[in-house]
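Mapping of the sequence shown onto mature numbering (1 follows the signal peptide of the UniProt record, and there is no 0): residues -22 to -1, 1 to 114, in sequence order.
Think of the CB as a built atom: it goes at the ideal place given N, C-alpha and C, for glycine as much as any other residue.
Notes follow the structure.
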Amino acid sequence: MKKLLSTLLVAAVAAAALPAAAETVVIVSPSNPASRMFSEQAAQFFLGKSAQFTPIDQAEGSAIRTEFYKKVSNMEASQVKAAWLKLVFTGKATAEPKEYKSDADVKKAVAADPKAIGYINKSSVDDTVKVILTLQ
């Protein structure tokens, strides 16, 4: 019994020490009239199914990009890439979304363009952008 309690205590301490998963947020410029959005709507913009917003992507292969597409579309990065290549090949899109290397770069691009939409870690949000969706 003592060994079981000791094992449970060690497991609880280890679980508490794990870093909390970062929340990803979808952002727009403060001058954009949008105030909230559903995951399904965000997927439409980031998969090229709507031109209402200009999607701004994180760097290919980044953890946040992989997590974002999994959460909003339940797609792997390779599936998203294939979807965009198909749109470009068929003429339904001219190019894939622009990619930026960091949250700061995405924030700067989104803040500068009222039609832009991007995603960053919640901890990177400041008053230069407006959060319209939080993914958990």
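Local Cβ density within 10 Å of residue i, reported as buried at 16 or more and exposed below that
| i | result |
| --- | --- |
| Thr72 | exposed |
| Phe24 | buried |
| Leu111 | buried |
| Ala20 | buried |
| Pro75 | buried |
| Lys33 | Before going on, a small fix: residue 33 reads as Pro here, not Lys. By the 10 Å Cβ count, Pro33 comes out buried. |
| Phe67 | exposed |
| Gln22 | buried |
| Asp104 | exposed |
| Gln30 | exposed |
| Ala61 | buried |
| Ala94 | buried |
| Gly39 | exposed |
Beta-carbon contacts of residue i that lie in its chain and below 6 angstroms, excluding the five residues immediately before and after
| i | result |
| --- | --- |
| Lys100 | Glu1 and Val3 |
| Ser17 | Val50 |
| Leu113 | Thr2 and Lys49 |
| Phe53 | Phe is not the amino acid found at residue 53; the sequence shown has Met there. The residues are Tyr47. |
| Ala(-7) | Only weak support exists for where Ala(-7) lies, its pLDDT of 40 falling under 50; the value from the coordinates is given anyway. Nothing meets the Cβ criterion. |
| Val58 | Tyr47 |
| Asn10 | Pro92 |
| Val84 | Ile34, Tyr78, Gly96 and Ile98 |
| Ala37 | Glu77 and Lys79 |
Own chain, CB closer than 8 angstroms to residue i, minus 5 neighbours either side, in chain order
| i | result |
| --- | --- |
| Ala89 | Ser7, Pro8, Thr106 and Val107 |
| Arg14 | Ile110 and Leu111 |
| Arg43 | Asp35, Gln36, Ala37 and Ala55 |
Inter-residue CB distance, residue i and residue j (contact presumed, cutoff 8 angstroms)
| i | j | result |
| --- | --- | --- |
| residue 122 | Asp81 | The structure shown does not extend to residue 122, since the chain spans only -22 to 114, so no value can be given for it. |
| Tyr78 | Phe46 | Going by Cβ atoms, the distance from Tyr78 to Phe46 rounds to 13 angstroms, so no, they are not a contact pair. |
Cβ-based neighbour list, residue i, same chain, cut-off 7 angstroms, excluding 5 preceding and 5 following
| i | result |
| --- | --- |
| Thr(-16) | Because the pLDDT at Thr(-16) is just 43, under 50, the model does not fix this residue reliably, and the point stays unresolved. |
| Leu65 | Gly26 and Ala71 |
Min CB distance residue i to chain D below 8 angstroms
| i | result |
| --- | --- |
| Gly26 | The displayed structure is made up of one protein chain only, and chain D is not part of it. |
- Item | Every unbroken alpha helix (DSSP H) within the segment 70 to 101, with a cutoff of 4 residues, ordered by chain | 81 to 90
- Item | Completely contained alpha helix (DSSP H) runs for the segment 7 to 54, where each covers 4 or more residues | 17 to 24 and 41 to 51
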